[in-house]
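*Asks:*
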Amino acid sequence: MNILLADMQHEKLTGTSLDIAAENRAGLKQLFPSVFTETRNDQGELTESIDFEKLKAEIGTFSDLFESRRERYGMEWPGKKEALHLIQTLSSATLKPCRQESVNFDTTENLFIEGDNLEVLKLLQTSYYGKVKMIYIDPPYNTGKEFIYPDNFSESLETYLEYAGLIDGDGKKFSTNTANAGRFHTNWLNMMYPRLYLARNLLRDDGVIFISIDDNEVSNLRKLCDEIFGEENQFGVFLWKRRQNPDSRNQSNISPDHEYVIAYAKNSSVELLGVDIDTAKYQNPDNDPRGAWASIDLSGLATKEQRPNLHYDIIDPNTAIAYPPNPNRGWSKSKAVVTQMITEERVLFPKSPEGRPREKKFLNDLKSDITGFSTWLDSKEVGFTTHGTRELTKLFDNKIFDFPKPSSLIKLLVKQTTETDDIILDFFAGSATTAHAVLDLNKQDKGNRKFILVQLPEPCAPESEAFKAGYKTIADISKERIRRVINKLNTEEEGKLDLDNAGKQDRGFKVLKLDKSNFRQWQNLEPSASPKRILEQLTLHIDHIDAKATPEELLYEILLKAGFTLTGSIETKTITGKELFSVSDGALLLCLEESVTKELIDAVIELNPQQFLCLDSAFHGNDQLKANAVQTFNAHNMQKEKHNQILFKTL
Ligand SMILES: C[S@@+](CC[C@H](N)C(=O)[O-])C[C@H]1O[C@@H](n2cnc3c(N)ncnc32)[C@H](O)[C@@H]1O
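Going by the numbering used here, the sequence shown runs without a break in its numbering and finishes at 747.
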């Protein structure tokens with residue numbers, strides 16, 4: 097895991113997101129400890145390094161992979177290396193809680209995060225690593241009409257803060273990624289690659305991701321996902337007919353009416369719920385004592401050349417009429433099996449010799465009452481785009497968002513892959529259809545699934561209905577939709593109180609906004625930095641916590657960086673006269689008081705949390721007190737098993 101127990105020292109909490117490259121090295125080390133060695137670098141210092149020759153020997157026949165001169169199969173595009181680098185660049189940002197825009201802030205486990213999803217995904221790595229059961233995303237399709245968020249490879253948070261108007265007040269506009277821009281697919285791939293890579297880390301081992309896409313990028317997306325998730329983990333390419341009537345604007349007499357939902361699993365052994373078999377077609381008109389039955393086609397799928405043993409005549413023993421197979425298909429069962437079925441009266445013979453025998457299939461003999469989930473998403477069940485538009489327009493009495501997905505489509509995917517209590521993530525949230533689907537489905541099946549949505553505060557165009565109705569950004573629309581859905585569900589229940597459900601359903605959401613850290617980060621100074629600049633940096637770090645930060649803002653940043661989820665229980669406790677935050681039933685104790693005492697440290701040890709954090713400045717430069725605190729924790733930890741030790745860090 098990412099948090100190391102301090103051996104004999106105490107550590108300072110790192111103010112950054114999970115170090116992905118370091119995690120990858122740790123993973124490699126766990127698999128192949130022997131390939132790690134020590135070498136001297138150019139400065140003569142000893143550093144840890146990897147012996148690639150040894151690694152080759154360890155992985156045997158795959159060692160040809162290291163042959164860089166050979167031609168390789170794979171996907172390349174300009175900027176891929178920078179995109180990989182972007183994944184490894186740590187984020188020092190934070191998520192600031194926003195009570196006034198939330199509903200049931202203190203109790204809800206649903207999250208709505210406003211910000212650029214790349215930074216947000218980085219920030220979620222520590223707390224939500226391997227915790228998400230299902231991801232659904234509906235990213236920009238790269239049609240040339242939507243804008244593609246441009247990732248600045250060197251300073252992505254700065255780019256965001258400017259964009260969201262958190263730096264210069266006005267916000268910065270980015271233009272759409274038009275086909276004329278030349279690097280059309282490149283920009284899109286550079287945007288998607290790091291996000292999908294980080295999203296995979298958040299999936300549970302049995303987690304799945306569904307991605308909506310159309311013909312513009314489906315081939316690139318599938319290749320990209322093959323690389324990130326592994327080709328063997330692709331478990332479905334679903335087709336959705338999104339339009340009911342042909343597009344009259346088409347110029348080729350082809351109306352593109354469909355799009356795709358592509359599906360990958362974290363590991364290949366994924367199982368969907370499947371669909372209930374339609375038992376209505378099983379009846380018993382002849383009062384067969386074996387019960388209800390259905391007439392099932394006995395035709396196969398192979399020609400005589402392909403499966404000669406499935407091409408034979410079936411003979412009715414009562415009439416001696418011989419029924420030849422369809423020459424292109426043959427039968428689905430061998431002669432021996434069908435002969436046995438005839439003796440058991442499980443074959444229905446036609447009245448005329450031109451007909452074909454069929455199977456008399458009994459409901460009682462079905463091995464399961466579910467059948468496969470079709471890759472054809474039936475629009476009768478999941479709706480068309482127009483249903484999504486109608487649904488949202490009804491909720492707002494206005495058309496405020498273009499082409500939202502119908503919530504029934506997402507509901508079906510959520511239903512197929514999640515159980516109660518699972519976490520569902522959508523980091524291209526748009527009008528928050530995923531939240532709508534989760535809340536609705538929970539109501540239907542009394543579930544307690546939780547959602548995490550991420551949406552950029554993309555400005556609404558001034559001439560749009562949304563802007564005129566007072567929604568400045570798409571994130572404003574998403575939040576208002578969730579509020580309206582919650583209201584609707586609550587109102588529907590009013591008066592006919594559902595006793596099973598009362599008070600149990602989570603009808604709330606917590607709003608958090610991406611912002612710069614409350615802790616000042618040490619800026620790496622250029623070698624030529626002036627003494628004045630160095631002094632400035634030092635002064636900033638004497639008190640490195642932003643004076644304007646509220647305790648709650650500090651708390652949420654600490655939760656993120658210490659690896660706690662943002663929805664665990666939070667209580668305040670007074671211990672030896674000091675106020676502490678107790679998170680997740682005491683797993684984390686956080687003291688933001690200006691001074692700490694020996695009595696407090698002793699009391700904390702008694703409470704045995706997983707982590708204790710306090711301000712570095714709370715020791716007021718009293719090295720003796722600090723050394724004693726470190727000693728006390730170390731002495732405690734020496735007597736305990738690793739899982740019972742207390743991690744002590746300062747801020
Ligand atoms: C196609 S829409 C999603 C529509 C959604 N499925 C619905 O039913 O309303 C894609 C959304 O992703 C958002 N988006 C684009 N780039 C983003 C980024 N870097 N971070 C977060 N959201 C982003 C856009 O603002 C847009 O609202």
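Glycine residues also receive a C-beta, built at the ideal position from the N, C-alpha and C atoms.
Please read all numbers here as calculations on a predicted model, not as lab measurements.
Buried or exposed for K108, going by 16 or more other Cβ atoms inside 10 Å?
*Replies:* Position 12 of the sequence shown holds residue 108. Answer is exposed; the Cβ neighbour count stays below 16.
*Asks:* Based on the DSSP secondary-structure assignment, which residues constitute the bridge partners of Q379?
*Replies:* In the sequence shown, residue 379 corresponds to position 283, counting from 1. BP columns for Q379 point to W389.
*Asks:* Just reading off the beta strand (DSSP E) that Y225 is part of, what are its end residues?
*Replies:* As a working mapping, residue 225 is identified with position 129 in the sequence shown. No beta strand (DSSP E) contains Y225, which DSSP labels as neither H nor E.
*Asks:* If you drop the 5 nearest sequence neighbours on each side, which residues of the same chain put their C-beta closer than 8 Å to that of G278?
*Replies:* Along the sequence shown, read from residue 1 onward, the residue named residue 278 stands at position 182. Caution applies to G278, whose pLDDT of 48 falls short of 50 and renders its modelled position unreliable; the model cannot decide the point.
*Asks:* Below 7 Å, is the gap between the Cβ of E690 and the nearest heavy atom of ligand 1?
*Replies:* Stepping through the sequence shown from its first residue, residue 690 is reached at position 594. Incorrect: E690 has no Cβ contact closer than 7 Å to ligand 1.
*Asks:* What separation, rounded to the nearest whole angstrom, lies between the Cα atoms of K152 and I244?
*Replies:* As a working mapping, residue 152 is identified with position 56 in the sequence shown. As a working mapping, residue 244 is identified with position 148 in the sequence shown. Spanning the two alpha carbons is a distance of roughly 40 Å.
*Asks:* Taking the beta strand (DSSP E) that H354 belongs to, which residues open and close that run?
*Replies:* Mapped onto the sequence shown, residue 354 falls at position 258. Segment H354 to A361, the beta strand (DSSP E) holding H354.
*Asks:* Would you identify the three-state DSSP class for S503, choosing helix, strand or coil?
*Replies:* Taking the sequence shown and counting its residues from 1, the one referred to as residue 503 is at position 407. Note: S503 maps to helix in three-state DSSP.
*Asks:* What does the alpha-carbon distance come out to for the pair S504 and L535?
*Replies:* Reading the sequence shown from its first residue, position 408 is the one you call residue 504. Reading the sequence shown from its first residue, position 439 is the one you call residue 535. Approximately 12 Å, taken between the alpha carbons.
*Asks:* Hey, how far is the Cα of P420 from the Cα of Q402?
*Replies:* The residue given as residue 420 occupies position 324 in the sequence shown. The residue given as residue 402 occupies position 306 in the sequence shown. Roughly 17 Å separates the two Cα atoms.
*Asks:* Name the residue from M288, F280, Y224 and S308 whose alpha carbon lies nearest to the alpha carbon of D301.
*Replies:* Counting from 1 along the sequence shown, the entry for residue 301 is found at position 205. D301 has its Cα closest to that of Y224, out of M288, F280, Y224 and S308.
*Asks:* Less than 8 Å between the C-beta atoms of S308 and D234, yes or no?
*Replies:* Taking the sequence shown and counting its residues from 1, the one referred to as residue 308 is at position 212. Taking the sequence shown and counting its residues from 1, the one referred to as residue 234 is at position 138. Contact flag set, yes.
*Asks:* Using 8 Å as the threshold, is the C-beta distance between L219 and A189 below it?
*Replies:* The residue given as residue 219 occupies position 123 in the sequence shown. The residue given as residue 189 occupies position 93 in the sequence shown. Yes.
*Asks:* Which first and last residues belong to the alpha helix (DSSP H) in which V366 is found?
*Replies:* The residue given as residue 366 occupies position 270 in the sequence shown. From DSSP, V366 is part of no alpha helix (DSSP H); its letter is neither H nor E.
*Asks:* So what does DSSP say about P193, is it helix, strand or coil?
*Replies:* Counted from its first residue, the sequence shown places residue 193 at position 97. Reduced to three states, the DSSP call for P193 is strand.
*Asks:* With K546 and I519 assumed to form a contact (beta carbons below 8 Å), what rounded beta-carbon distance in angstroms separates them?
*Replies:* Here residue 546 is taken as the residue at index 450 of the sequence shown, counted from 1. Here residue 519 is taken as the residue at index 423 of the sequence shown, counted from 1. With a Cβ gap of about 5 Å, K546 and I519 count as contacting.
*Asks:* Under a three-way DSSP split, which group does R136 fall into?
*Replies:* Here residue 136 refers to the residue found at position 40 of the sequence shown. Note: R136 maps to strand in three-state DSSP.
*Asks:* On the premise that A359 lies in contact with F306, defined as a C-beta separation below 8 Å, what is that separation, rounded to the nearest angstrom?
*Replies:* For this step, residue 306 is matched to residue 210 along the sequence shown. For this step, residue 359 is matched to residue 263 along the sequence shown. Confirmed, about 5 Å.
*Asks:* Which of helix, strand or coil does DSSP assign to K337?
*Replies:* For the purposes of this step, residue 337 is taken as the residue at position 241 of the sequence shown. Residue state, collapsed to three classes: strand.
*Asks:* Anyone know if the C-beta pair for T753 and L114 falls short of 8 Å?
*Replies:* Since the displayed the chain opens at 97 and closes at 747, residue 753 lies outside it and no answer follows.
*Asks:* For W472, name the three-state secondary structure that DSSP assigns.
*Replies:* Counting from 1 along the sequence shown, the entry for residue 472 is found at position 376. If DSSP states are grouped into helix, strand and coil, W472 belongs with the strands.
*Asks:* If the criterion is Cβ atoms closer than 8 Å, does the pair P171 and L317 meet it?
*Replies:* Against the sequence shown, residue 171 aligns to sequence position 75. Against the sequence shown, residue 317 aligns to sequence position 221. Sequence check: residue 171 is Met here, not Pro. No, the pair does not count as a contact, with Cβ atoms beyond the cut-off.
*Asks:* In whole angstroms, what is the alpha-carbon distance linking E455 and S470?
*Replies:* As a position in the sequence shown, residue 455 is number 359, starting the count at 1. As a position in the sequence shown, residue 470 is number 374, starting the count at 1. Taking the straight line from one Cα to the other gives about 23 Å.
*Asks:* Assign N730 to one of three DSSP states: helix, strand, or coil.
*Replies:* Working through the sequence shown from its first residue, we reach residue 730 at position 634. Helix at N730.
*Asks:* Counting only the same chain and skipping the five closest in sequence on each side, list residues whose C-beta sits under 8 Å from that of S315.
*Replies:* Looking up residue 315 in the sequence shown gives position 219. Taken in chain order, the list of residues that qualify is empty.
*Asks:* Taking Cβ positions, are E197 and L610 nearer each other than 8 Å?
*Replies:* Locating residue 197 in the sequence shown gives position 101, counting from the first residue. Locating residue 610 in the sequence shown gives position 514, counting from the first residue. No, the pair does not count as a contact, with Cβ atoms beyond the cut-off.
*Asks:* Can we count G240 as close to ligand 2, meaning its CB is less than 7 Å from some heavy atom?
*Replies:* Among the ligands in the structure shown, ligand 2 does not appear; only ligand 1 can be found there.
*Asks:* Note down the Cα distance separating M734 from K745, rounded to an integer number of angstroms.
*Replies:* Position 638 of the sequence shown holds residue 734. Position 649 of the sequence shown holds residue 745. Cα-Cα distance, rounded: 17 Å.
*Asks:* Return the first residue and the last residue of the alpha helix (DSSP H) that K150 is part of.
*Replies:* To locate residue 150, count along the sequence shown from 1; it is residue 54. Start and end: F148 to E154.
*Asks:* Which of the three DSSP states is assigned to P449 in this structure?
*Replies:* Counting from one through the sequence shown, the residue named residue 449 turns up at place 353. In this structure, P449 counts as coil in the three-state DSSP scheme.
*Asks:* Between which two residues does the beta strand (DSSP E) harbouring I305 extend?
*Replies:* Start at 1 with the first residue of the sequence shown, and residue 305 comes out as number 209. Run containing I305: L299 to I309, per the beta strand (DSSP E) assignment.
*Asks:* Is it buried or exposed, W284, if we count other Cβ atoms within 10 angstroms and call 16 or more buried?
*Replies:* Locating residue 284 in the sequence shown gives position 188, where the first residue counts as 1. That one is buried.
*Asks:* How far does the beta strand (DSSP E) with Q347 in it reach, from first residue to last?
*Replies:* The residue given as residue 347 occupies position 251 in the sequence shown. Looking at the DSSP string, Q347 is not in any beta strand (DSSP E), and its letter there is neither H nor E.
*Asks:* Which of the three DSSP states, helix, strand or coil, is assigned to A418?
*Replies:* To locate residue 418, count along the sequence shown from 1; it is residue 322. Residue state, collapsed to three classes: strand.
*Asks:* Hey, out of S130, K241, L686 and N724, whose CA is closest to T711's CA?
*Replies:* Residue mapping note: residue 711 aligns to position 615 of the sequence shown, counting from 1. In the sequence under discussion, the amino acid at residue 711 is Leu, which differs from the Thr named in the question. Closest option to L711, Cα to Cα, is L686.
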